[in-house]
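Numbering (this note's numbering), first residue to last: 84 to 158. Data block below; observations after.
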C-alpha cells in the first residue's frame, strides 16, 4: 500500500469527486415533499471533470479510487 502524501491536484480531484457524490446522493434522495428529484447542477460535474484532468487522473480509475479510499474511508 502506498503512503505517499497526495498532491494538491489529487486532493482537489478527490474533494470535487466527493462533492459530486454527495450532490448525486441528494438528488436521488429527492426533495422532502416527494416531488421530482433535484437535477444535478452541470457546474458540479464540470468541476469534478476539470479536477480529475488537472490531476492527471482521467481514465485512471484504479489510482483515483485509491486516493478516494485514502481520503475518505466511507466512500
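For glycine and all other residues, C-beta sits at the position ideal for the given N, C-alpha and C.
Contact set for residue i: own chain, Cβ-Cβ below 8 Å, skip 5 residues either direction
i: residue 89; result: 97, 150, 153 and 154
i: residue 102; result: 127, 130 and 131
Limits of the unbroken alpha helix (DSSP H) element including residue i
i: residue 150; result: 144-154
i: residue 159; result: It is not possible to answer for residue 159, since the shown part of the chain is limited to 84 through 158.
Own chain residues within Cβ distance below 7 Å of residue i, not counting five before or after
i: residue 100; result: 131 and 151
Sub-8 Å separation of residue i and residue j beta-carbons
i: residue 139; j: residue 95; result: no
Assigned exposure category for residue i - 16 Cβ within 10 Å defines buried
i: residue 145; result: exposed
i: residue 87; result: exposed
i: residue 91; result: exposed
Own chain residues within Cβ distance below 6 Å of residue i, not counting five before or after
i: residue 158; result: For residue 158, the predicted model reports a pLDDT of 47, less than 50, meaning its position is unreliable and no value from the coordinates is stated.
i: residue 147; result: 140
i: residue 104; result: none
i: residue 135; result: 96 and 141
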